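Reading through the structure tokens given below for one structure.
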Amino acid sequence: MEIIHLSAECYPIAKVGGLGDVVGALPKYQNKLGHVAKVVMPAYETKFFRENEFESVYDGWGKLGFQHFSVRIFREKTNKLGFDLYLVHIAGFTDRPNVYGYADDTERFLAFQIGVLDWMAQWEHKPDVIHCHDHHTGLVPFMTAHCNKYRHLNQIPTILTIHNAQYQGQFGWDKLNYLPPFDLWKAGQLDWKGAINPLASAIKCCWRITTVSPSYLEEISYRANGLEALFARERGKSVGILNGIDNEVWNPTADAMLEKQFAVRTVDNGKKANKQALCDVFNLDASKPLFTFIGRLVDEKGADLLPEIFNNALWQHKGEINILVLGSGDPQVEGRLFQLKDAFPGNYNAYIGYNEQLSHQIYAGADFLLMPSRVEPCGLNQMYALRYGTIPIVRRIGGLKDTVVDIGDGGFGICHDQTSAWDVGHAIGRAMELYNDKKKMKEIRKFMMNIDHSWDKAAQEYINLYQI
Ligand code: ADP
Ligand code: GLC
Numbered sequence: 001m002e003i004i005h006l007s008a009e010c011y012p013i014a015k016v017g018g019l020g021d022v023v024g025a026l027p028k029y030q031n032k033l034g035h036v037a038k039v040v041m042p043a044y045e046t047k048f049f050r051e052n053e054f055e056s057v058y059d060g061w062g063k064l065g066f067q068h069f070s071v072r073i074f075r076e077k078t079n080k081l082g083f084d085l086y087l088v089h090i091a092g093f094t095d096r097p098n099v100y101g102y103a104d105d106t107e108r109f110l111a112f113q114i115g116v117l118d119w120m121a122q123w124e125h126k127p128d129v130i131h132c133h134d135h136h137t138g139l140v141p142f143m144t145a146h147c148n149k150y151r152h153l154n155q156i157p158t159i160l161t162i163h164n165a166q167y168q169g170q171f172g173w174d175k176l177n178y179l180p181p182f183d184l185w186k187a188g189q190l191d192w193k194g195a196i197n198p199l200a201s202a203i204k205c206c207w208r209i210t211t212v213s214p215s216y217l218e219e220i221s222y223r224a225n226g227l228e229a230l231f232a233r234e235r236g237k238s239v240g241i242l243n244g245i246d247n248e249v250w251n252p253t254a255d256a257m258l259e260k261q262f263a264v265r266t267v268d269n270g271k272k273a274n275k276q277a278l279c280d281v282f283n284l285d286a287s288k289p290l291f292t293f294i295g296r297l298v299d300e301k302g303a304d305l306l307p308e309i310f311n312n313a314l315w316q317h318k319g320e321i322n323i324l325v326l327g328s329g330d331p332q333v334e335g336r337l338f339q340l341k342d343a344f345p346g347n348y349n350a351y352i353g354y355n356e357q358l359s360h361q362i363y364a365g366a367d368f369l370l371m372p373s374r375v376e377p378c379g380l381n382q383m384y385a386l387r388y389g390t391i392p393i394v395r396r397i398g399g400l401k402d403t404v405v406d407i408g409d410g411g412f413g414i415c416h417d418q419t420s421a422w423d424v425g426h427a428i429g430r431a432m433e434l435y436n437d438k439k440k441m442k443e444i445r446k447f448m449m450n451i452d453h454s455w456d457k458a459a460q461e462y463i464n465l466y467q468i
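Taking the numbering used here, I'd label the letters of the sequence shown as residues 1 to 468.
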């Protein structure tokens with residue numbers, strides 16, 4: 001089969017969170033299964049774009065209302081990522097360093113989608129599937145189904161994967177003229193609660209919906225940032241497929257970013273060396289347990305509670321605990337996490353920012369990883385932690401519920417039911433006890449590292465789903 005993945009992110013070109021990891025791995029695993037999976041994404045001003053060789057495969061003009069824009073599509077020449085990569089360059093829209101966060105994001109991602117479809121409409125052959133990821137590519141199912149210009153594409157099945165229904169990309173009806181002409185009777189397919197809502201439109205118009213874990217599929221019919229009723233209505237065409245991880249990128253036996261590589265057999269010494277290196281850099285005490293949080297500092301992740309959680313834990317287990325944070329996001333939370341450094345030197349530290357290499361080093365060197373998420377459609381951090389022998393402490397929700405089993409139930413993690421300072425504090429207490437049971441820690445680490453979360457299985461599940 002030929003599968004076209006459309007996405008705003010793809011590791012290692014541009015990654016903000018897990019969407020990038022998924023789109024950088026799933027196509028590779030689909031190709032290994034003998035299919036042809038390609039990734040098409042915006043050409044941001046990235047190091048990858050500057051430093052690799054590309055050939056131009058398309059030159060054209062697109063239109064957004066009365067504004068014309070030039071489109072140039074580049075193909076990465078060497079296939080070094082394990083899939084064909086196409087970068088869509090739209091002057092004035094995509095040529096910026098960041099993926100999101102600009103006032104004209106609506107225009108940027110709409111121009112991207114129009115540029116891609118203009119290009120695909122000229123292909124002599126048709127791919128078997130267009131696989132859209134999140135709302136940034138959510139108007140594609142509508143446009144292929146209803147825009148006259150793209151009628152040659154309307155028989156190609158469209159799949160929508162929802163990585164996070166919190167973000168929907170809605171904009172006002174005053175921008176309706178951005179879309180290429182379509183049968184106005186179909187305008188209702190764009191609408192949700194009085195706005196044009198790309199995620200809602202994709203849910204209505206795509207052939208199949210997937211969520212990134214089975215539990216998240218259950219949850220969104222009662223909690224989906226206003227889309228609950230729509231999900232309930234479209235449930236029949238939806239399925240939850242648990243994300244995998246890229247076992248080549250996240251492999252402690254070969255990870256060049258680590259101080260010391262390690263395998264299941266050598267986990268104790270391996271983690272010890274990585275922990276020591278981290279503690280040296282961040283002025284922490286390597287003889288004490290190391291807890292960490294890695295991620296976007298947003299309410300969804302429970303980040304607003306972290307300062308209180310850490311402050312409590314550092315008082316309660318005074319001198320007996322280390323905490324290291326890696327994250328960026330809400331400036332207020334960033335500030336509070338930064339300030340804590342002064343209160344607990346030697347036991348607490350924070351790196352405010354994004355740092356891919358440091359994230360690998362922390363997964364390898366930490367003892368426990370906290371994920372007190374309010375919403376977690378899948379979560380990849382806990383799976384990376386498992387592979388690197390770090391025990392996850394997670395709220396029982398979404399993909400966390402599907403991947404972590406509490407030690408009390410014969411499992412390997414620590415689970416709690418609510419995103420509250422009390423629940424997480426209690427979980428940290430349980431982790432402190434566990435840490436002192438060296439035999440049990442050893443057993444759990446070995447067990448966790450052997451769990452197979454690679455993409456092999458899920459890549460095939462998507463292929464089965466495409467055979468509509
Ligand atoms: P989400 O996509 O909601 O942010 P996931 O758990 O799916 O959550 O994926 C997060 C990904 O982003 C992981 O690869 C994680 O290691 C990475 N990540 C998040 N914040 C940072 C950061 N500050 N520095 C480096 N990597 C980060
Ligand atoms: C989203 C979700 C996260 C998921 C990731 C990859 O960013 O918040 O839970 O793991 O997408 O699917």
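For glycine and all other residues, C-beta sits at the position ideal for the given N, C-alpha and C.
Since this is a predicted model, take the numbers as computed values, not measurements.
Q | residue 76 (DSSP reduced to helix, strand or coil) | A | Numbered from 1 along the sequence shown, position 76 holds the residue referred to as residue 76. In the structure shown, residue 76 falls within a strand segment according to DSSP collapsed to helix, strand and coil.
Q) So what does residue 71 bridge to, in DSSP terms? A) Reading the sequence shown from its first residue, position 71 is the one you call residue 71. Its beta-bridge partners are 60, 90.
Q | As assigned by DSSP and simplified to three states, the class of residue 41 | A | For the purposes of this step, residue 41 is identified with residue 41 of the sequence shown, where counting begins at 1. In the three-state scheme derived from DSSP, where H, G and I count as helix and E and B as strand, residue 41 is classed as strand.
Q.
Rounded to whole angstroms, what is the Cα-Cα separation between residue 440 and residue 57?
A. By one-based count along the sequence shown, residue 440 stands at place 440. By one-based count along the sequence shown, residue 57 stands at place 57. Roughly 56 Å separates the two Cα atoms.
Q | 7 Å Cβ shell around residue 247 - same chain, five flanking residues per side excluded | A | Sequence index remark: in the sequence shown, residue 247 carries index 247 (1-based). Only residues of its own chain outside the window of five on either side were considered, and among them 454 have a CB closer than 7 Å to the CB of residue 247, listed in chain order.
Q. Is it right to say residue 244 is buried, meaning 16 or more other beta carbons lie within 10 angstroms of its own, or is it exposed?
A. As a first step, residue 244 must be located in the sequence shown, where it is residue number 244. Classified as buried, residue 244 has 16 or more neighbouring CB atoms from the shown chains inside 10 Å of its CB.
Q: Measure the alpha-carbon distance for residue 431 versus residue 163 and round it to whole angstroms.
A: For the purposes of this step, residue 431 is taken as the residue at position 431 of the sequence shown. For the purposes of this step, residue 163 is taken as the residue at position 163 of the sequence shown. Those two C-alpha atoms are separated by around 30 Å.
Q: Can you have a look at residue 287 and say buried or exposed, based on whether 16 or more other CB atoms are within 10 angstroms of its CB?
A: The sequence position of residue 287 within the sequence shown is 287, counting from 1. The residue in question, residue 287, is exposed, as its Cβ has fewer than 16 Cβ neighbours within 10 Å.
(Q) So residue 413 and residue 405 are supposed to be a Cβ contact under 8 Å. How far apart are they, rounded? (A) In the sequence shown, residue 413 corresponds to position 413, counting from 1. In the sequence shown, residue 405 corresponds to position 405, counting from 1. Contact holds; Cβ gap of about 6 Å.
Q | Cross-strand partners of residue 409 (DSSP beta bridge) | A | As a position in the sequence shown, residue 409 is number 409, starting the count at 1. Note: residue 409 sits in no beta bridge, so no partner.
**Q.** Where residue 371 falls: helix, strand or coil (DSSP)
**A.** As a working note, residue 371 is residue 371 in the sequence shown. Of the three classes helix, strand and coil, the one that applies to residue 371 here is strand, per DSSP.
Q: Put residue 268 into one of helix, strand or coil per three-state DSSP.
A: Translated into the one-based positions of the sequence shown, residue 268 becomes position 268. DSSP places residue 268 in helix when its eight states are reduced to three.
Q) What distance in whole Å lies between the Cβ atoms of residue 116 and residue 157, which are believed to be in contact at a cut-off of 8 Å? A) Locating residue 157 in the sequence shown gives position 157, where the first residue counts as 1. Locating residue 116 in the sequence shown gives position 116, where the first residue counts as 1. Actually they do not touch by this definition, with Cβ atoms about 16 Å apart.
Q. On the premise that residue 36 lies in contact with residue 10, defined as a C-beta separation below 8 Å, what is that separation, rounded to the nearest angstrom?
A. Residue 10 sits at position 10 when you count from the first residue of the sequence shown. Residue 36 sits at position 36 when you count from the first residue of the sequence shown. The Cβ separation is near 16 Å, so there is no contact.
Q. Looking at residue 465 and the ligand GLC, is the gap between the Cβ and the nearest heavy atom below 6 Å?
A. The residue you call residue 465 lines up with position 465 of the sequence shown. Outside the cutoff, so no.
Q. How many angstroms separate the CA atom of residue 424 from the CA atom of residue 203?
A. Along the sequence shown, read from residue 1 onward, the residue named residue 424 stands at position 424. Along the sequence shown, read from residue 1 onward, the residue named residue 203 stands at position 203. Those two C-alpha atoms are separated by around 35 Å.
Q) Who are the Cβ neighbours of residue 324 in its own chain at under 8 Å, not counting the five residues just before and after it? A) Locating residue 324 in the sequence shown gives position 324, where the first residue counts as 1. Excluding sequence neighbours, residue 324 sits near 278, 282, 284, 290, 291, 292, 348, 349, 350, 351, 362, 366.
Q. Is residue 298 closer than 7 Å to residue 445 when the C-beta atoms are compared?
A. Position 445 of the sequence shown holds residue 445. Position 298 of the sequence shown holds residue 298. No.
Q | Distance, residue 77 Cα to residue 91 Cα | A | On the sequence shown, position 91 is the one that residue 91 refers to. On the sequence shown, position 77 is the one that residue 77 refers to. When rounded, the distance between both Cα atoms is 22 Å.
Q: Could you tell me whether the Cβ atoms of residue 8 and residue 140 are closer together than 7 Å?
A: Residue numbering aside, residue 8 sits at position 8 when the sequence shown is read from its first letter. Residue numbering aside, residue 140 sits at position 140 when the sequence shown is read from its first letter. Cβ distance not < 7 Å, so residue 8 and residue 140 don't count as in contact.
Q | Coarse secondary structure for residue 128, derived from DSSP in three states | A | Locating residue 128 in the sequence shown gives position 128, counting from the first residue. Three-state DSSP puts residue 128 in coil, outside helix and strand.
Q. Taking the alpha-carbon positions, what's the residue 344 to residue 337 distance?
A. In the sequence shown, the residue the question calls residue 344 occupies position 344. In the sequence shown, the residue the question calls residue 337 occupies position 337. Each residue's Cα considered, the two are about 11 Å apart.
Q: Helix, strand or coil for residue 133, going by three-state DSSP, please let me know.
A: What you label residue 133 is simply residue 133 of the sequence shown in a count that begins at 1. In this structure, residue 133 counts as strand in the three-state DSSP scheme.
Q) Closest by CA to residue 198, which one among 232, 417, 138? A) Here the question's residue 198 lines up with position 198 in the sequence shown. Nearest C-alpha to residue 198 among 232, 417, 138: 138.
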